[in-house]
Every structure is written in C-alpha cells, then in structure tokens.
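Visitor:
Numbering (the UniProt record's numbering), first residue to last: 1 to 488.
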C-alpha cells in the first residue's frame with residue numbers, strides 16, 4: 001500500500017508530494033501534468049505524517065489523500081469525487097482476473113473480509129507506533145471480537161476429503177430419488193474404493209436451470225473461485241444447453257466435467273461424455289424408422305445448439321425423407337396448434353419432436369385434442385421426456401398419449417448386456433426399484449461418479465503427491481491415460 005498526499009502551496013498551481021511507503025512518483029507526475037499541475041516528490045515517514053495531521057487543525061495547511069477512504073469519519077478529511085481514469089480501471093480489472101485464476105482463495109477472502117475504513121485507519125495508527133504492519137494487523141484482529149475467524153471454517157490442506165459436485169435440472173422430477181435412493185449406496189461403494197488410498201469423497205447436489213446457457217457456468221464459476229477448488233475432484237452435470245460454456249471454464253482450471261446426458265457437440269480438454277453422442281441417438285432413431293417400414297419423418301426442431309446437432313446427424317441418412325418444421329424456443333398452445341395444422345396439411349404421420357420435454361408435453365397435448373393419436377395412425381417420437389406420476393397438470397393429455405422415447409434411458413438390468421459392468425451396483429438398483437423402472441439417468445450418473453472417483457483413485461496410487469495438487473496438466477493427462485472398467 002502507498003499513502004501519498006499533496007500539500008497545497010500558496011500559488012495554487014504547484015504541490016509538494018510527500019510519499020509515504022512505496023509510490024510510483026513518475027507516473028503520478030505524468031498524471032498531474034495532464035491537468036497542468038506540477039509537484040515535487042519528497043520522502044516522509046509515517047510518524048512524520050501523523051505529526052503533521054495532528055497539527056492540521058491549528059494551521060492553514062491542506063492535504064489531499066489519494067486513498068482518502070481510510071480517513072472516513074475524521075471531520076478534517078472530506079472526500080473529493082474525481083473523474084475515473086481509464087488506466088486505473090484497467091489495473092483493477094487485471095488484478096481481479098489474476099486473483100481469480102491463480103489465487104482464488106485470496107480473491108474470495110478480499111471480498112468476504114470487509115472491515116470499515118475506520119478500522120483500517122486504526123491498523124495504520126498502530127503500525128506507526130509499532131514495528132511493522134503485520135504485527136499491527138494481528139494485534140487489531142485479536143482485540144476486535146467481531147472479526148475473529150471461526151476455526152471450524154478453516155480447511156486443512158493435508159486433509160484426505162474430496163468433493164464431487166452434481167448439477168441436476170430443477171424440472172427433473174427424479175432429482176430427489178437420485179438423492180435418497182441412489183446416492184447413499186453409491187456413496188458407500190465409492191467410500192470402500194477410496195479407502196485403498198486413504199481418502200473419502202462427499203457428494204454435493206445443486207439444482208440448476210438446464211434450459212439456460214449461462215446458469216451452469218455461473219454455478220461452476222462460483223465453485224471454482226474458492227478454496228473448495230483444491231478439494232474438487234470433478235463435476236457431473238445433467239445440463240445440456242449450458243455444457244459448452246461450462247466446459248470453457250473447466251479447461252483452464254483443469255477440472256474434469258462429466259456430461260451425464262446427451263449434449264451438443266464441442267471440444268473440451270477436460271470434458272467427457274459418459275452418455276452417447278448425438279450421432280448415436282440419431283442413428284438409433286433412423287434405424288427404428290427404417291425397421292418399422294416408414295420412409296418419411298417429420299422433424300419439429302427448436303432453435304438450440306443440441307437440436308441443430310440432431311438435424312445435422314439425421315441428414316447423413318439418405319434412405320428417409322425428412323420434412324423439417326421450425327418451433328420457437330418457448331412454445332405456446334397456440335403455436336402448437338399451428339404446428340399441428342401444418343403437419344396435417346403435409347399428411348405427416350411419423351413425427352420426431354426435436355425439442356425439450358416441456359415443448360414435447362405441449363405438442364402432444366394439442367395433438368391428442370386434435371385426434372393425432374397412435375390409435376388413429378400417428379406415431380410420436382420424443383428425445384427428451386420427464387416421466388412423472390403427477391396427473392394434476394395442464395398437459396395431462398400428453399401423459400396418456402402413446403409415444404416413443406428415443407434416449408439412453410436404461411430402464412432395468414435387462415437393458416445391460418450380461419456379464420458387463422458393476423454387479424454390486426446393478427444388484428442394488430434391482431433391489432431398490434424392484435418392479436419400477438430405474439430413474440432415467442441413474443446409470444449415467446453412477447457411471448460418471450465411478451469414472452471420477454475410481455479414476456482418481458488409480459491416479460493417487462501411481463502418484464500419491466497428486467492429492468495435494470489436483471488441477472494441473474499432468475494430473476489431467478494421467479487421468480486420461482489410465483484405463484479403467486467403470487460402467488454400471
């Protein structure tokens with residue numbers, strides 16, 4: 001910190017600049033010249049500064065402080081609002097970016113620890129009468145109960161506990177079933193695995209808006225700009241539209257991001273898909289259409305990156321004639337009725353709804369009202385669906401409309417090839433859900449958690465020192481290099 005002040009001379013255009021601590025006087029002189037003002041730099045100790053201040057009330061000298069806020073509350077010191085200079089703004093932005101990137105815990109501390117300007121002045125006054133600023137600050141903290149740090153909030157950097165974060169969609173009706181029926185057993189299973197490297201893992205679940213491109217990245221930013229970054233093994237996400245922006249944040253921080261649902265195509269050095277790609281689902285769709293003997297398929301498409309990727313993947317097939325119909329991002333019943341009318345005019349009977357589950361519900365409900373049902377010879381195929389037992393909904397007609405879901409949903413153990421995967425987890429899922437279908441993403445979530453935790457377990461085995469520095473290029477490289485069979 002530097003504490004310069006200006007002493008105003010009688011001619012009104014020249015100043016003496018007394019410099020307390022380190023200050024770039026050359027730069028300040030240049031700034032002053034911009035305003036047609038000159039000054040002469042002179043060194044001054046803090047002790048001399050306080051003597052001058054104490055004498056201010058009895059003489060005619062005036063002082064101008066660059067960082068006047070620490071003198072807030074003093075009757076003899078008042079703030080002067082000056083225009084903000086561009087170079088100072090640039091310096092502040094640069095500091096914030098550097099702290100967020102290289103010292104996130106210090107960045108968070110700066111924003112959380114906000115003593116008053118009077119408190120800062122008290123520390124400087126102690127420093128003037130003591131040996132150094134560190135002792136003055138420590139003495140002040142000890143004597144001020146308000147600013148004591150609760151020791152329970154401190155983190156032991158040698159601890160063996162790690163965190164895996166899960167982002168689930170706020171409109172996912174199964175989110176509580178994942179929490180209460182899947183996580184407990186999954187946690188026990190992973191705990192037993194991590195005992196081999198004297199570590200343990202806890203889960204943290206956050207609900208986010210999966211239709212937003214920014215919500216996931218905002219949560220990711222929050223998690224990775226605190227000291228928690230050093231205990232974060234990775235992130236498992238159900239978000240689709242926000243995956244690309246979050247991936248761009250994960251790469252420079254070297255945080256593994258596991259996508260447990262079909263997401264748009266993009267590159268990411270620390271992002272992996274535990275579910276299939278768009279091309280795989282599109283291939284399954286065209287196989288289903290061809291094997292059913294149909295040659296025409298109407299495609300209703302939202303203006304999203306994921307929907308566009310599906311359209312691109314479908315165009316690779318030359319044996320089916322596609323009719324494309326554009327949907328708005330948020331569809332109303334009125335717009336759904338217009339779409340139904342267009343389908344009827346085109347005599348379309350096999351329809352693929354290339355949109356999110358909310359849009360699919362509205363369209364299926366309006367289709368049912370207009371007689372475009374499976375019983376009347378119409379086939380509806382969706383790529384996104386939120387199964388629920390709730391019948392108190394305006395789209396109840398959609399719930400009872402026969403339709404096909406084209407997804408990676410593993411409904412029970414019969415969908416898993418024999419002698420493959422983790423037998424213990426399969427037995428747990430069978431016992432837990434009995435005759436009920438497994439939650440749509442139970443298997444992909446389990447696979448993502450296993451990939452992260454057992455993958456890092458193997459990394460820790462090969463290089464124990466890795467546990468103290470999880471996020472660097474070498475750890476990412478080791479994580480990718482290791483081969484492990486982790487599927488449920």
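The beta carbon of each residue, even a glycine, is placed where N, CA and C say it ideally should be.
1. If you draw a straight line from the C-alpha of residue 439 to the C-alpha of residue 296, how long is it?
2. DSSP three-state call for residue 385: helix, strand or coil?
3. Is residue 311 helix, strand or coil when you go by DSSP?
4. Give the DSSP-derived three-state secondary structure of residue 234 in the structure shown.
5. Below 9 Å between beta carbons: does that hold for residue 367 and residue 401?
6. Among 446, 326 and 459, which residue has its Cα nearest to the Cα of residue 179?
7. With a threshold of 8 Å, are at least 3 pairs of Cβ atoms found where one atom belongs to the stretch 247-259 and the other to the stretch 441-455?
8. Comparing C-alpha positions only, which one of 474, 406, 338 and 357 sits nearest to residue 173?
9. For residue 93 and residue 251, I'd like the C-alpha separation in whole angstroms.
10. Just to confirm my understanding: we take residue 373, look at its own chain, exclude 5 residues before and 5 after, and list those with CB closer than 8 Å. What are they?
11. Figure out for me which residue from 414, 466 and 364 has the closest Cα to the Cα of residue 331.
12. Do residue 216 and residue 243 count as a contact pair if the criterion is CB distance below 9 Å?
13. Jot down the residue ranges of each uninterrupted alpha helix (DSSP H) in the UniProt domain "Receptor ligand binding region" (249-385), minimum 4 residues, whole runs only, in chain order.
14. State the start and end residues of the unbroken alpha helix (DSSP H) segment that holds residue 208.
15. Based on the DSSP secondary-structure assignment, which residues constitute the bridge partners of residue 405?
16. Just to confirm before moving on: does the CB-CB distance between residue 314 and residue 339 stay below 9 Å?
17. Return the chain-ordered ranges of every alpha helix (DSSP H) run that is complete within the stretch 413-475 and spans a minimum of 4 residues.
18. By alpha-carbon positions, which one of 385, 378 and 350 ends up nearest to residue 362?
19. Rounded to the nearest angstrom, what separates residue 318 and residue 406 at their Cα positions?
20. Thinking just about the alpha-carbon of each residue, which of 349, 479 and 466 is nearest to the one in residue 230?
21. Which of helix, strand or coil does DSSP assign to residue 161?
22. Going by DSSP, which residues form a beta bridge with residue 166?
23. Can you say whether residue 241 is buried or exposed, counting buried as having 16 or more other CB atoms within 10 angstroms of its CB?
24. Run through DSSP, which three-state label would residue 45 get?
25. Please state whether DSSP places residue 120 in a helix, a strand or coil.
26. Use the C-beta contact count for residue 169: other C-beta atoms within 10 angstroms, 16 or more gives buried, fewer gives exposed.
27. Can you tell me the Cα-Cα spacing of residue 138 and residue 469, whole angstroms?
28. When you compare only the Cα positions, how much space is there between residue 161 and residue 200?
29. For residue 510, report the span of its alpha helix (DSSP H) as first-last.
30. Any idea what DSSP makes of residue 477, helix, strand or coil?
31. Sort 116, 117 and 130 by Cα distance to residue 47 and report the nearest one.
32. Where residue 271 and residue 247 are concerned, what is the direct C-alpha to C-alpha distance, given to the nearest angstrom?
33. Give me, in chain order, the residues of the same chain whose beta-carbon lies closer than 6 Å to that of residue 309; leave out the 5 immediate sequence neighbours on both sides.
34. Looking only at its chain, what residues have a beta carbon closer than 7 Å to the beta carbon of residue 349, apart from the 5 residues adjacent to it on each side?
35. Suppose you measure from the CA of residue 44 to the CA of residue 234; what does that come to, to the nearest Å?
36. Which of helix, strand or coil does DSSP assign to residue 127?
Guide: This is what the structure gives:
1. 32 Å
2. coil
3. helix
4. strand
5. yes
6. 446
7. yes
8. 357
9. Summary for residue 93: the model assigns pLDDT 45, below 50, so the residue's position carries little reliability; its value from the coordinates is reported in the next sentence. Going from the Cα of residue 93 to the Cα of residue 251 covers about 22 Å.
10. 367, 401 and 402
11. 364
12. yes
13. 278-291, 305-314, 333-345 and 357-369
14. Here residue 208 belongs to no alpha helix (DSSP H); instead the beta strand (DSSP E) covers 200-208.
15. 382
16. no
17. 423-433 and 442-462
18. 385
19. 20 Å
20. 466
21. strand
22. 205 and 236
23. buried
24. coil
25. helix
26. buried
27. 30 Å
28. 5 Å
29. A question about residue 510 goes unanswered here, because the residues of the chain that appear run from 1 up to 488.
30. helix
31. 130
32. 6 Å
33. 264, 265 and 278
34. 377, 378 and 379
35. 52 Å
36. helix
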